[in-house]
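Engineer: Here you go, one structure.
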Amino acid sequence: MGAFAAKPVAENVYWVGAVDWAVRDFHGYNTERGTTYNAYLIKAETITLIDTVKQGFRDEMFARISSICDPTEIDVIVSNHAEPDHSGELAETIRDIEPSVVYASKNGKKALQEYFGIGEQITPVEEGQTVDLGAMSLVFAETRMCHWPDSMVSYCPEAKLLFSQDAFGMHLASFERFADEIDAGVLHYEAAKYYANILMPLSHFVAKSLEKLGGLGLNTEIVAPDHGPIWRQDIEKVIHWYAGWANPKRTSSVIVVYDTMWQSTETMARAVSEGLGDAGAHPTVMALSGTHRSDVATKLLNAGGLVVGAPTLNNEIFPRVADTLTYVKGLRPTGLIGAAFGSFGWSGESVKKLSEFLDAMQVDVVQEPVTSRYAPNGDVFDQCFALGQTVGKRVVQAYG
Ligand code: FEO
6 MGAFAAKPVA
16 ENVYWVGAVD
26 WAVRDFHGYN
36 TERGTTYNAY
46 LIKAETITLI
56 DTVKQGFRDE
66 MFARISSICD
76 PTEIDVIVSN
86 HAEPDHSGEL
96 AETIRDIEPS
106 VVYASKNGKK
116 ALQEYFGIGE
126 QITPVEEGQT
136 VDLGAMSLVF
146 AETRMCHWPD
156 SMVSYCPEAK
166 LLFSQDAFGM
176 HLASFERFAD
186 EIDAGVLHYE
196 AAKYYANILM
206 PLSHFVAKSL
216 EKLGGLGLNT
226 EIVAPDHGPI
236 WRQDIEKVIH
246 WYAGWANPKR
256 TSSVIVVYDT
266 MWQSTETMAR
276 AVSEGLGDAG
286 AHPTVMALSG
296 THRSDVATKL
306 LNAGGLVVGA
316 PTLNNEIFPR
326 VADTLTYVKG
336 LRPTGLIGAA
346 FGSFGWSGES
356 VKKLSEFLDA
366 MQVDVVQEPV
376 TSRYAPNGDV
386 FDQCFALGQT
396 VGKRVVQAYG
């Protein structure tokens with residue numbers, strides 16, 4: 006066996022993807038545990054490749070395919086999703102393999118044309134269309150906006166296996182290929198982080214797709230996503246997680262997100278957290294000097310409150326706070342209760358701009374901002390404590 010072998014997933018179905026242990030950024034999301042780009046081979050009479058890999062990982066994919074068959078024996082390629090982490094090597098793979106047909110959704114054909122100029126080589130499939138592979142088959146279902154307009158899933162009834170592309174995946178590099186071989190706490194955290202950073206703003210579409218897939222009466226026993234481990238046990242568990250994240254139940258957790266120049270805003274954040282805890286809420290203080298925006302997003306999946314603090318730097322919000330607020334605003338968390346605070350030297354624009362962000366995020370702002378010129382004194386700390394109490398009480402009332 007060579008260094009890169011295929012891994013069996015079900016009878017005549019193999020994982021032939023790549024493990025990216027090194028990647029630490031996925032369009033702005035900190036992938037601290039790396040990821041995998043999952044491709045799958047169905048060794049039916051018509052040998053079929055489901056998805057490909059990110060650019061740079063084709064050799065690994067081809068080595069794994071070659072451990073099962075000559076890659077040129079592949080007759081069908083299915084592209085469930087056009088994003089470059091799955092289709093970055095599609096054009097070259099088509100060139101090398103010369104399959105008879107490459108299937109994608111109608112939107113997939115357009116996206117693959119606009120990204121890679123290969124639209125003419127794509128055969129669009131209809132919703133619910135079945136393709137006979139000889140003793141095995143695939144049925145296609147569109148899952149638009151989970152994650153892109155082109156997204157679709159492919160179901161193999163004979164293997165009771167759903168190729169779910171981004172859905173039910175996570176950024177987690179591992180040698181183990183199945184979720185039941187991996188620590189349950191790590192799985193839940195990374196699946197939640199993936200949902201928060203990729204799918205949170207698309208929750209309406211996730212809920213629709215879950216409803217649609219539930220209504221198809223599939224007899225799924227294996228869920229094979231395009232990132233992270235494959236689910237062959239407790240698949241209802243990850244479906245239940247998704248249903249919960251799509252309609253989040255907020256909690257009495259409140260995150261205090263801040264950055265600081267000379268520790269004025271930082272000590273204010275600590276006083277705010279004392280007030281939140283005193284009111285019965287559960288504060289987590291996140292210093293952006295050492296916390297990535299994507300970890301803030303993960304906390305916002307279920308937090309009930311967001312309190313944000315920043316000093317004024319050159320008439321603007323301190324940049325790391327502006328960065329994080331820009332990012333989480335785009336993720337559109339709903340139902341948050343919050344407030345703002347910050348220090349300044351002479352102009353003090355930050356709290357006004359923080360308040361504008363909170364308004365744009367439709368955060369229920371329950372108190373005017375607390376500010377401090379230069380270093381906070383006892384009176385400012387009392388105001389910060391009171392702000393924490395006010396937010397904390399409202400969060401406990403709403404979600405406790
Ligand atoms: Fe893993 Fe939306 O690509």
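With this note's numbering as the guide, the letters of the sequence shown map in order to residues 6 to 405.
Glycine included, every Cβ here is placed at the ideal spot set by N, Cα and C.
Among Lys304, Thr57, Val371, whose alpha-carbon lies nearest the alpha-carbon of Trp250?
Structural biologist: Residue Lys304 is the option with its Cα nearest to Trp250.
Engineer: For ligand 1, I want to know if Trp153 counts as a neighbour, meaning its beta carbon is within less than 7 angstroms of at least one of the ligand's heavy atoms.
Structural biologist: True, at least one ligand heavy atom lies under 7 angstroms from that Cβ.
Engineer: What is the DSSP secondary structure of Trp250, reduced to helix, strand or coil?
Structural biologist: In the structure shown, Trp250 sits in a helix (DSSP, three-state: H, G or I).
Engineer: Check whether the Cβ atoms of Val313 and Val262 lie closer than 8 angstroms to each other.
Structural biologist: Result yes, Cβ atoms of Val313 and Val262 sit closer than 8 angstroms.
Engineer: Which residues in the same chain as Arg29 place their Cβ atom closer than 7 angstroms to its Cβ, once the five residues preceding and following it in sequence are excluded?
Structural biologist: Contacts found: Asn35, Thr36, Glu37.
Engineer: Excluding the 5 residues flanking Thr265 on each side, which residues of the same chain have their C-beta closer than 7 angstroms to its C-beta?
Structural biologist: Excluding sequence neighbours, Thr265 sits near Glu271, Pro316.
Engineer: So within the stretch 258-285, which uninterrupted alpha helix (DSSP H) runs reach at least 4 residues, ignoring any that extend past its ends?
Structural biologist: With a minimum length of 4 residues, the continuous alpha helix (DSSP H) runs that stay inside the stretch 258-285 are 269-283.
Engineer: Residues in the same chain with beta-carbon distance under 6 angstroms from Ala302, minus the five sequence neighbours each way, listed in chain order, please.
Structural biologist: The residues are Ala201, Asn202, Val333, Leu336.
Engineer: Tell me the residue span of the beta strand (DSSP E) that contains Lys12.
Structural biologist: Where Lys12 is concerned, the enclosing beta strand (DSSP E) stretches over 12-15.
Engineer: Measure the C-alpha to C-alpha separation of Thr225 and Val158 and round it to an integer number of angstroms.
Structural biologist: Looking at the two C-alpha atoms, the distance is approximately 13 angstroms.
Engineer: From the DSSP output, read off the bridge partner residues of Val81.
Structural biologist: Thr53, Val106, per the DSSP bridge assignment.
Engineer: Could you compute how far the alpha carbon of Glu97 sits from the alpha carbon of Ser294?
Structural biologist: For Glu97 and Ser294, the distance between alpha carbons rounds to 41 angstroms.
Engineer: Just reading off the alpha helix (DSSP H) that Met66 is part of, what are its end residues?
Structural biologist: It spans 63-71 - the alpha helix (DSSP H) in which Met66 sits, taken as one unbroken run.
Engineer: Is the distance from the Cβ of Thr284 to the Cβ of Val401 below 8 angstroms?
Structural biologist: Position check: residue 284 holds Ala in this sequence, whereas Thr was assumed. Cβ distance < 8 angstroms, so Ala284 and Val401 count as in contact.
Engineer: Reducing DSSP to helix, strand and coil, say where Leu293 ends up.
Structural biologist: Of the three classes helix, strand and coil, the one that applies to Leu293 here is coil, per DSSP.
Engineer: If you draw a straight line from the alpha carbon of Val385 to that of Ser377, how long is it in whole angstroms?
Structural biologist: Distance between the alpha carbons of Val385 and Ser377: 7 angstroms.
Engineer: Quick check: does the Cβ of Asp364 come within less than 7 angstroms of any heavy atom belonging to ligand 1?
Structural biologist: No, ligand 1 has no heavy atom inside 7 angstroms of this Cβ.
Engineer: Using a Cβ-based criterion (distance less than 7 angstroms to any ligand heavy atom), does Glu88 qualify as near ligand 2?
Structural biologist: No copy of ligand 2 occurs in the structure displayed; its ligands are ligand 1 alone.
Engineer: Pull up the DSSP beta-bridge partners for Gln170, would you.
Structural biologist: Paired residues: Pro230.
Engineer: Report whether the distance from the Cβ of Asp171 to the nearest heavy atom of ligand 1 is below 7 angstroms.
Structural biologist: It does: the Cβ of Asp171 is within 7 angstroms (strictly closer) of some heavy atom of ligand 1.
Engineer: Taking the continuous beta strand (DSSP E) assigned at Ala308, which residues delimit it?
Structural biologist: No beta strand (DSSP E) holds Ala308; DSSP gives it neither H nor E.
Engineer: May I ask which residues mark the beginning and end of the beta strand (DSSP E) holding Tyr45?
Structural biologist: Unbroken beta strand (DSSP E) run through Tyr45: 45-48.
Engineer: Do His232 and ligand 1 come close, with the Cβ less than 7 angstroms from some heavy atom?
Structural biologist: For ligand 1, at least one heavy atom lies less than 7 angstroms from the Cβ of His232.
Engineer: In chain order, what residues of the same chain lie with their CB nearer than 8 angstroms to the CB of Ala365, ignoring the 5 residues before and after it?
Structural biologist: Lys334, listed in sequence order.
Engineer: Enumerate in chain order the residues of its own chain whose CB-to-CB distance from Ala44 is below 7 angstroms, with the five nearest sequence positions on each side excluded.
Structural biologist: Around Ala44: Val21, Gly22, Leu54, Ile55, Asp56, Thr57, Val58, Met66.
Engineer: Three Cβ pairs or more, each shorter than 8 angstroms: is that satisfied between the stretch 91-110 and the stretch 7-22?
Structural biologist: The stretch 91-110 vs the stretch 7-22: no contact.
Engineer: Could you give the C-beta distance for Pro230 and Gln134, rounded to a whole number, given that I count them as a contact under 8 angstroms?
Structural biologist: Contact flag wrong, Cβ pair sits at about 22 angstroms.
Engineer: Is His91 near ligand 1 - that is, is its Cβ less than 7 angstroms away from at least one heavy atom of it?
Structural biologist: For ligand 1, at least one heavy atom lies less than 7 angstroms from the Cβ of His91.
Engineer: Would you tell me roughly how many angstroms separate the C-alpha atoms of Leu4 and Val191, rounded to the nearest one?
Structural biologist: Outside the displayed range of the chain (6 to 405) lies residue 4, so it cannot be described from this structure.
Engineer: Check Ala164 in the structure and name its three-state DSSP category.
Structural biologist: If DSSP states are grouped into helix, strand and coil, Ala164 belongs with coil.
Engineer: Which same chain residues end up closer than 6 angstroms to Ala308 when comparing Cβ atoms and leaving out the 5 residues on each side of it in sequence?
Structural biologist: Answer for Ala308: Ser258, Ile260, listed in chain order.
Engineer: From which residue to which residue does the alpha helix (DSSP H) around Tyr199 run?
Structural biologist: Per DSSP, Tyr199 belongs to the alpha helix (DSSP H) from 189-199.
Engineer: Under a Cβ-count criterion, where at least 16 other Cβ atoms within 10 Å of its own Cβ denotes burial, should Thr41 be classed as buried or exposed?
Structural biologist: Buried, by the Cβ-count rule.
Engineer: What is the C-beta distance between Pro129 and Ala116, in whole angstroms, given that I count them as a contact (C-beta under 8 angstroms)?
Structural biologist: Between Ala116 and Pro129 the Cβ distance is about 11 angstroms, and since that is not below 8 angstroms, they are no contact.
Engineer: With Thr329 as the anchor, note down where its alpha helix (DSSP H) starts and where it stops.
Structural biologist: It spans 324-336 - the alpha helix (DSSP H) in which Thr329 sits, taken as one unbroken run.
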